[in-house]
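Here the working numbering is used: the first residue of the sequence shown is 2, the next is one more, and so on. Heads up, the thing below is written out as structure tokens.
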Amino acid sequence: MNWMPCFLNMLSTLGLAVSVPPGALDCWVFLSCLEVLQRIEGCCDRAQIDANVSHTVGLWSYATEKLKSLGYLCGLVSEKGPNSEDLNRTVDLLAGLGAERPETANASQSPYKKLKEALSSVEAFEKHYLDLSHATIEMYTNIGRIRSAKLVGKDLAEFYMRKKGPQKAEVYLQGALKTYLAEGWALLVTHTRKQLAECQKHLGQIENYLQTSSLLAGDSLLTEDERRSFCQEILDFANQQAENQGQKVILPMHSFAQLKTLHFDPPNAVVHVGGKLSIELTLLSQMPIPVQVDQIAIHVHFSIEKNSYRKTAEWLTKHKTSNGVISFPYEIAGFPLSRNNLPALELYEMYERSPSDNSLNTAGIICKNVHMLLRRQESSSSLDMPSGMTLEDGAHVLKCNNLILEPGVNKIIFNTQAKEPGTYTLRQLCTSVGKVQFVLLHIYPIVQYDVYSQEPQLKVEPMTDSLLAGIPQKVKFTVTTGHYTMKNGDTLQLSNADAMPILYHPESKAAIYSNTREKISESSLRIQSSEKITSISLPVAPAYHVIEFELEVMYLPSATEAAVEKENTTSKEDHSKNKEKQKQDNCMATVDQKVTIDCPWSIYSTIIALTFCIPFNAKHSLLSAGKRKYVQVCVQNLSELCFQLSDNSLKNSADCTDLQLVPLNPESQQVIYSKQSIFFVWELKWTKELPLSLQCLFSVSFCPATSKEPSLTLKPFTYEFQVENFFTLYHVKTEIFPPLGAEYCKTGSLCSLEVSITRLVDLSEVDRDEALTESDGYCTTKLMYEVVDNSSNWAVCGKSSGVISMPVAARATHKVHMEVMPLFAGYLPFPDVRLFKYLPHHSAHSMQLDADSWIENDNLSVDKNVDDQADSSSIRSRGSLHSAASGEHKGLPMPRLQSFSSGQVFNCSTGMQILVIPSKDDHVLEVNIT
2 MNWMPCFLNM LSTLGLAVSV PPGALDCWVF LSCLEVLQRI EGCCDRAQID ANVSHTVGLW
62 SYATEKLKSL GYLCGLVSEK GPNSEDLNRT VDLLAGLGAE RPETANASQS PYKKLKEALS
122 SVEAFEKHYL DLSHATIEMY TNIGRIRSAK LVGKDLAEFY MRKKGPQKAE VYLQGALKTY
182 LAEGWALLVT HTRKQLAECQ KHLGQIENYL QTSSLLAGDS LLTEDERRSF CQEILDFANQ
242 QAENQGQKVI LPMHSFAQLK TLHFDPPNAV VHVGGKLSIE LTLLSQMPIP VQVDQIAIHV
302 HFSIEKNSYR KTAEWLTKHK TSNGVISFPY EIAGFPLSRN NLPALELYEM YERSPSDNSL
362 NTAGIICKNV HMLLRRQESS SSLDMPSGMT LEDGAHVLKC NNLILEPGVN KIIFNTQAKE
422 PGTYTLRQLC TSVGKVQFVL LHIYPIVQYD VYSQEPQLKV EPMTDSLLAG IPQKVKFTVT
482 TGHYTMKNGD TLQLSNADAM PILYHPESKA AIYSNTREKI SESSLRIQSS EKITSISLPV
542 APAYHVIEFE LEVMYLPSAT EAAVEKENTT SKEDHSKNKE KQKQDNCMAT VDQKVTIDCP
602 WSIYSTIIAL TFCIPFNAKH SLLSAGKRKY VQVCVQNLSE LCFQLSDNSL KNSADCTDLQ
662 LVPLNPESQQ VIYSKQSIFF VWELKWTKEL PLSLQCLFSV SFCPATSKEP SLTLKPFTYE
722 FQVENFFTLY HVKTEIFPPL GAEYCKTGSL CSLEVSITRL VDLSEVDRDE ALTESDGYCT
782 TKLMYEVVDN SSNWAVCGKS SGVISMPVAA RATHKVHMEV MPLFAGYLPF PDVRLFKYLP
842 HHSAHSMQLD ADSWIENDNL SVDKNVDDQA DSSSIRSRGS LHSAASGEHK GLPMPRLQSF
902 SSGQVFNCST GMQILVIPSK DDHVLEVNIT
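Rendered as structure tokens:
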């Protein structure tokens, strides 16, 4: 088929050029293709021919192309038909064909007869060309070569356009354009659009023609002159329509201009009712020349979220971008989004609650960008066919009038004032040029701004991490005006509390800020105070502003409650509370002080609670030295500040004249540092018998160590407590004697230990318990003694614990002897001697006491013969009750041991030491130094 052109080229190369008239070669190729196809049809059946279409379709396409070339050459495609020159050329070509070969002369549809007939008239040419073209398109389509079929169709469209048949040409051009767009052939798209624009212009399809012209005007593959020409077509039509006041033409915006960025001011896109908001759009104009735009409008959808139409500005700000700039994806004009470039799913939770009890009715998930995801893949043709485009109707439209869009980047600013609270969603963007409107149907990503209506608010907060009681500290008042406008004469009415006065300084100022925290003004604060009310005059301020000022408050705590402690615990519940209190000793106690404030914007009072921390914690203890008694008060600073203490005192609340409290404290001022303690001691001196209990009130003045103000201006710290059990009931004395004939105690040698227990007073009220036995006016009580060496310096031998019957009478004495062995050399402290009340097992009182009040109560198995079972002859080095317990006594009623209250037993040997020398036969010398 293609050997003839090659053969002619070869002859030309050899210098044997053969001249042929124009069209002769095309005739020869056309005849060769059809003769080959005719021979194939003659030797194959229909099934074989259909199976080999992919191999023969090229011959059909080549024959169609050559016939088209001959038709253009001979003037058979022109609108007016062939002229004389075309006719002479046709005669020459037919004459050059020569006579038909004998073997095909009798065939009615031989290639020779088809070519001769096609060149004989316009109608015959059209018939043969259309038959060949449709057959070729059908074969290409059947074998899946769509692009080749569209290319033949494009040639067919060109034929129809020359024949003044734009209706038929449009179908083929649209089909070809659709394929090129889907496959991304930019040059083919541009060329086909130019043909389609001409076709649409002939058909009078105004909207389609304008849309195609806008795409071509923004097409960088065309020359500047071509682009300006298409742009001018749009402008001329827009001006003509404006004069005739015809119906507006709506076109897609992407071919005219593209939205690049959007910037909110304020950046959080949250404004109050009446506030101003500006939106700056960045538009990229695709037009080659400046375009006068009548109006650019943003159509806004207004909505109020259910049950939350008055969200706070803080909540709304959390869900916004930080800089207020939103960028939009760039899209090549006229090309659809590929499947890989589709946006991601934007899924949101949706809940619907019952308005009555706020219970959850339904829950679901919604997709907010479904319109971007469910577009048909074949919708690329809609880029050139703007049918069905509509603008949303609504009352909320932002407009910018009379401006010029320059080629490239343009910035347009829209200003609006919020009127109604809710969420405003930017839905569509419309650019009006005369009666032509370029519309962006969906602004994506979703762009919103919120308008809120806020109630006036008052907030009172400390300027430090915590407020300390007893010292002046600053608190900040923040008034958010919301929708309320502060007028002259508006005041805050604070109810005065005796425990928390409000301190006022004449130089106090009130600052006014805008809702963007920009300082507007500052004015003096006017405060008037009476016995019950403190009135604070607020400065004049517009709505949605903030008023801030600072005042000093001081909480004056009264005497500490719950400071009365009983040494004798009477119930497990009280003892547990005391243990819990000991755990919290290192934490500052807090007191909530409530203040009622009447605000000018509300008929209801606002209650503000300020939490004050007590910086000090106080404890007391009763100390004894024989019959002398001392009260010690420990003051601990729990805060982070340092204080200066002065004027400490301890008073008897009962005003007992027979008792004197003699201070043993330095008179000078003392500084108590953070997390440190100071002790104060008083000696009790009395002239008559002491009462059973004493109510005391401790007081000390304090001020911050860095403060220049005198401490007398502050209320002192007070601590009220009760002291009980002043009586020293028993005197315990311990002595250790070396072995007979020895001057010193030696390690490993048995020494004699004597414990002397002496009753100091007669029967008193504190002795009347279950251990007391009274017979004929003679009273005795049972005591449990125990010798324990917790430091492992001594080995206690023989009777280390036991129960004695002690007469309840002054100067009654009981002595206990036992042997101890020193284990180390040096000055060794005496073993500890403990004394307990021994209560019978049937005591109802003893059963209620907490286990912490007893000392190893389950290790002394006593039921009937108490004295025998309490005696132990085993040697112990740590404690004396750990070996007496036995599993055989489990389940039997056991006696109980109750410790004495502080000060009731005085051990005069506490802290005493004795010299122990090493034995001469020791190879290893161990010396204990304490």
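Ideal Cβ placement from N, Cα and C applies to all residues, glycine included.
- Residue nearest to S515 within the set G827, G276, M501, K249 is G276 (criterion: CA-CA distance).
- In the DSSP assignment, V724 forms a beta bridge with L695.
- Beta-bridge analysis with DSSP links H621 to V634.
- Boundaries around W29 are those of the alpha helix (DSSP H), 25–44, since no beta strand (DSSP E) includes it.
- The shortest C-alpha to C-alpha distance from V292 to any of Q39, A258, L263, L278 is the one to A258.
- DSSP, read as helix, strand or coil, puts D87 in helix.
- Note on the segment 112–163: whole alpha helix (DSSP H) runs with a minimum of 4 residues are 112–119, 123–143, 147–163, in chain order.
- In the DSSP annotation of this structure, G365 is not part of any alpha helix (DSSP H); the continuous beta strand (DSSP E) holding it starts and ends at 361–368.
- In the structure shown, V682 adopts extended strand secondary structure according to DSSP, grouped into three states.
- In the three-state reduction of the DSSP assignment, P167 falls in the helix class.
- Only exposed fits G99, as fewer than 16 other CB atoms lie within 10 angstroms of its CB.
- The beta carbon of K195 sits closer than 7 Å to those of L217, all from its chain and outside the five residues before and after it, given in chain order.
- Boundaries for S903: no alpha helix (DSSP H) harbours it, and the DSSP string shows neither H nor E there.
- With at least 16 other beta carbons inside 10 angstroms of its own, A542 counts as buried.
- With respect to the 9 Å criterion, S522 and A512 are classified as neighbours on the basis of their beta carbons.
- Contact between C44 and L60 fails: their C-beta atoms lie close to 15 Å from each other, not under 8 Å.
- L695 places its beta carbon less than 9 Å from that of V724.
- In this structure the segment 344–357 does not lie against the segment 295–305, because fewer than three pairs of beta carbons, one per stretch, are closer than 8 Å.
- Taking the Cα of Y786 as reference, the smallest distance to any Cα among G409, Y839, E775 is reached at Y839.
- Its chain contains V58, S62, I147, S149, A150, V153 as the residues whose beta carbon lies nearer than 8 Å to that of Y141, once the 5 sequence neighbours on both sides are disregarded; these appear in chain order.
- Nearest to L74 by C-alpha distance, out of D87, K520, G82, E66, is D87.
- At a Cβ-Cβ threshold of 9 Å, L552 and K475 count as neighbours.
- In the three-state scheme derived from DSSP, where H, G and I count as helix and E and B as strand, N794 is classed as coil.
- For G97, the closest C-alpha among the options V663, T482, L26, H815 is that of L26.
- For I290, the three-state secondary structure derived from DSSP is coil.
- Where T224 is concerned, there is no enclosing alpha helix (DSSP H), because DSSP gives it neither an H nor an E.
- Cβ-Cβ separation between V672 and Q645: approximately 5 Å, consistent with a contact (criterion under 8 Å).
- The three-state reading of DSSP puts F831 in coil, since its state is none of H, G, I, E or B.
- For I207, the secondary structure class from DSSP, reduced to helix, strand or coil, is helix.
- In the pairwise beta carbon analysis, the segment 215–230 is classified as touching the segment 249–256: at least three pairs are separated by under 8 Å.
- Where I50 is concerned, the enclosing alpha helix (DSSP H) starts and stops at 47–52.
- Its Cα nearest to that of D768, the residue C780 stands out among C780, S757, T759.
- Under the 10 Å beta carbon count, C368 is surrounded by fewer than 16 other beta carbons and is classified as exposed.
- Uninterrupted beta strand (DSSP E) stretches at least 3 residues long and entirely within the segment 496–544 occur at 510–515, 520–525, 527–530, 534–538, given in chain order.
- In this structure, the CA atom of G423 is about 10 Å from the CA atom of V274.
- In this structure, the beta-carbon distance from T193 to L174 falls below 9 Å.
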